[in-house]
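In the working numbering, the protein residues as written are 565 to 1281.
Cβ coordinates follow ideal geometry from the N, Cα and C atoms, glycine included.
All figures in this text were calculated on a predicted structure; none of them were measured in a lab.
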DNA sequence: GACCTGCTGCGGCTTG
């Protein structure tokens, strides 16, 4: 059958393959060609990183679409601008034997090219969800004209949309695009790390007509664990830095230290060692608070350094999609927050010539080592955490309501409600609820009603006519760090930010000479020594699957050949602490330890359930301390019977949840996170959103009901 | 201690 797929392709595409001297099609390409050309369904292409998924989608698409007809034929949607710029070259290359214009459309893309495509819409457009949203709002007539003949939508890195606000926005936009089309377009989603295939299928709005093509083959991954006890110090152990240096100095590497401050610490310390021993100077930092120009220089350097070695210390900015060139090794400092992240990061190395990926996992505490081991073990078993699903996204609905009204320049009240209630992104929201939200917006002048016609109201205009309107996430407001009138990056205005303090940024050391709070600027000059910067970030949730695996490992005898001696020792000691707690069934039982009038519950329940438990405890006037990387909870002034009584009494709060949340919103609104577009909703819907997004009450009550706390008395403190 | 992602249109300025 091998010849089958190839012979199905059109002549220019076969010529392209010949010229590229591909000896064979990759498995995912082979099946994608046969299936996509074989019917009219939607497809999710799931295959490991660097397996040729982009080509798997575009080879059959380019073979079957008639690009001579008017309008955009293919829309490629990406979560990142950098990925669009990367894929642009690849897609253009694929089209070289065909007369198909390829156009980048995002906030930083060339205006002239955009104007050209508006005048003569043809071919393929590469775009972000936010730019699509902006098009609907500011160029509604063009949207109809551009996309009424759309045949395919390709969604890259589809996992980054599943279970996120951005994904709900994208679904809604896909529905709005479909409204413009006479015949339905087909959707092809691409990803290497899908945790829930049913949810992935839902992004098309038609699960029944969406199929998954799955290539289970894994890239060989060579993994090593290294352990250096951080002894609770704020800075990383010097021996760990030296060990990383030995690993990276003669290689091309990416280092992931999990936080922006740590990224700077690692980059500067490695650079210092290198200077001392006469090594290369190519140590860089890459994260969201470093100026875009500097980040682009770093990416450019990595892509174009055939001979020179380099190390980029980075956050998740370099985790997704972008081909940074050939990387020999990936270093992870302390555990990733998810299995998906671990896979994506490991996949950044060995992308050329099917080489294996090299991964070194450093840990600075036993708990971090155990979490890293759990992530690795789940990866080995092909388990990826499932996304968090919001069934009734009232906030995104409110946002889309404003977007539709603005884009239509006025719309009939009943037509708007009809549009929203038939949009599959909001299929679980009642028509009456939609009407209630619209009516509320009319009441607060977000929307103005003239007869049956709705237009954007006075208050609404302020929100809609702002560039922040197009996205679902909030932006941090930071001060710019300036040297010689050049922006290096930005920092939050923390106590650390004052004259004469020295800080690290963009892998360099700076002295602050002046802080202009009015202009929001921090003026700096180079310095010789400094501290890592502190950032204000929200924590990252760890999935219960990972905590569960950590707990299972603690009570199993499984041995791991990937662990070095000190990691093994750390695991052994954790197991020694936990083994006396007589757990018979690690899936249904959790230890409760009581000593000296305080108790510890080893929950291993995932971040969201743990935070929900803490909230519920606070409503019982008990302050709970979360410890052990979020796995355990400590209660003071509690003995065994108290603890058990409180634990079970939490279930009684089930029926009072709404009133608890209403009072929390009134008394301590700053303590409860409300999503960007939920802030404008009536209290009732804020509460509904908090129940779905901020906390997980259902999961928590289930956890309490299904978990047996097994008590162990401890004499020593 | 705790990630990341994107962004219109216009007026007014400088520069070739």
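Residue 1206 is not bridged by DSSP to any residue.
In the pairwise beta carbon analysis, the region 636-651 is classified as not touching the region 795-811: fewer than three pairs are separated by under 8 Å. Here DSSP, grouped into helix, strand and coil, assigns residue 854 to strand.
The alpha-carbon of residue 1054 is positioned some 5 Å away from that of residue 1043. The shortest CA-to-CA distance from residue 950 to any of 775, 991, 902, 1125 is the one to 902. As a beta-bridge residue in DSSP terms, residue 669 pairs with 691. Inclusion of residue 1034 and residue 694 in the CB contact set at 7 Å is warranted, their separation being smaller than that value.
Residue 1087 has its alpha-carbon roughly 27 Å from the corresponding atom of residue 865. Per DSSP, the continuous beta strand (DSSP E) segment holding residue 1074 begins and ends at 1072-1080.
As for any alpha helix (DSSP H) of minimum length 4 sitting wholly inside the region 1048-1129, the runs are 1108-1118, ordered along the chain. Shortest Cα-Cα distance from residue 1273 to any of 1248, 1018, 1145 involves 1145.
Secondary structure at residue 875: strand, using DSSP grouped into helix, strand and coil. Taking every protein chain shown into account, the CB of residue 948 has 16 or more other CB atoms within 10 angstroms, so this residue is buried.
By the beta-carbon neighbour count (other beta carbons within 10 angstroms, threshold 16), residue 784 is exposed. The beta carbons of residue 819 and residue 895 sit closer together than 7 Å.
For the beta strand (DSSP E) assignment, the uninterrupted runs of no fewer than 3 residues enclosed by the region 804-848 are, from N- to C-terminal side, 816-820.
Contact annotation: residue 1108 and residue 1169 have beta-carbon atoms nearer than 7 Å. Here residue 1191 is bridged, per DSSP, to 1196.
For residue 716, the enclosing beta strand (DSSP E) covers residues 716-719. Comparing alpha carbon positions, the residue from 963, 971, 995, 966 closest to residue 978 is 995. Taking each of 1196, 1156, 963, 929 in turn and checking the Cα distance to residue 1030, the smallest one comes out for 963. Annotated as distal: residue 887 and residue 928, with beta-carbon spacing of 7 Å or more. Residue 789 has 925 as its beta-bridge partners, per DSSP. In the structure shown, the three-state DSSP call for residue 725 is coil. Beta bridge pairing from DSSP links residue 685 with no other residue. Residue pairing for residue 1158: DSSP places it in a beta bridge opposite 1163, 1277. According to DSSP, residue 606 shares a beta bridge with 774. With respect to the 7 Å criterion, residue 815 and residue 873 are classified as neighbours on the basis of their beta carbons. In this structure residue 704 is not in contact with residue 634, their Cβ atoms being roughly 19 Å apart against a cut-off of 8 Å. One Cα belongs to residue 625, the other to residue 767, and the distance between them is close to 20 Å. The C-alpha of residue 936 lies about 16 Å from the C-alpha of residue 794. For residue 1020, the enclosing beta strand (DSSP E) covers residues 1017-1020.
Distance between residue 1225 and residue 1112, taken at the CA atoms: about 29 Å. Counting along the chain, the unbroken alpha helix (DSSP H) around residue 658 starts and ends at 645-658. Here the alpha carbons of residue 952 and residue 861 stand approximately 36 Å from one another.
DSSP, reduced to helix, strand and coil, places residue 661 outside both helices and strands of the structure shown, so it counts as coil.
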